[in-house]
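In this text, residue positions in the sequence shown follow my numbering: the first is 642, and each later residue adds one.
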Amino acid sequence: MLGPSPEEHPGLKPDCERCCGLCCVAPAFARSPDFAIDKRPGEPCPNLTRDFRCGIHDRLRAEGFRGCVAYDCFGAGQKVTQITFNGRNWRESPQMATQMFEVFGVMRQLHALLVYLSQALTLGPAGALYGDLRRKLEELEASSRESADTLLRLDVASHRREVNDLLLRVSDLVRAQS
Ligand code: SF4
Ligand code: SF4
């Protein structure tokens, strides 16, 4: 049976209303055609409001923040905010902020892998691998719900290798049937 596409999977799309603006603080920006400013990692973007909204949301391109329009956290932001940190936010303490930003980096990689696996589960010719794809998806989904400390110890590179191997096999099946 085909799985839902990532677009139909609400947990794999950003839900900024339930996030504390993690992508507007955690990463560094380098001034470029995509970002109008330089910003250090962990430094809040000056356009971020006190209630974690973007103050220039309706004119990002015009203000030189094309990169923000293109950015996708794959749903990592709201999971870190609501599940890993139980609704708390990085403004509460510098220690929490540091940990939250590190966890966000891990979670975004995990969620990217979940998106790839979900996409593979929408491909008819990959049917013989659905069991393996679903097992890996469930394993990574469970890992993404672990505590912050456990997430920071996760061997993401090894999970990425496993997913890459699976996706190569999916690709072989799709090519064989086209
Ligand atoms: S991290 Fe994701 S959910 Fe949070 S504000 Fe950025 S795009 Fe939205
Ligand atoms: S410009 Fe808006 S969306 Fe982009 S980082 Fe700053 S607050 Fe976030």
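Glycine included, every Cβ here is placed at the ideal spot set by N, Cα and C. Keep in mind it's a predicted model, so treat the numbers as computed, not measured.
Any heavy atom of ligand 1 closer than 7 Å to the CB of Leu663? Within the cutoff, so yes.
Presumed contact (8 Å Cβ cut-off) between Cys709 and Leu701, rounded CB distance: That pair is a contact at about 5 Å.
Start-end ranges of the alpha helix (DSSP H) lying completely within the region 708-781, minimum 4 residues: Qualifying alpha helix (DSSP H) stretches, in chain order: 717-720, 735-761.
Under the criterion of a Cβ to heavy atom distance below 7 Å, does Cys714 qualify as lining ligand 1? Proximity of the beta carbon of Cys714 to ligand 1 is indicated: a heavy atom of the ligand is located closer than 7 Å.
Those residues which DSSP pairs with Cys686 across a bridge: Residue pairing by DSSP leaves Cys686 without any beta bridge partner.
Span of the alpha helix (DSSP H), counted from its first residue to its last, around Ala792: Reading off the sequence shown, one finds Leu at residue 792, where the question assumed Ala. For Leu792, the enclosing alpha helix (DSSP H) begins and ends at 789-794.
In three-state DSSP terms, what is Cys695? It is a strand residue.
Need the endpoints of the alpha helix (DSSP H) that Val804 sits in, please. Element bounds for Val804: 797-817.
For Leu778 versus Leu808, is the C-beta distance shorter than 8 Å? In terms of Cβ geometry, Leu778 and Leu808 do not form a close pair [threshold 8 Å].
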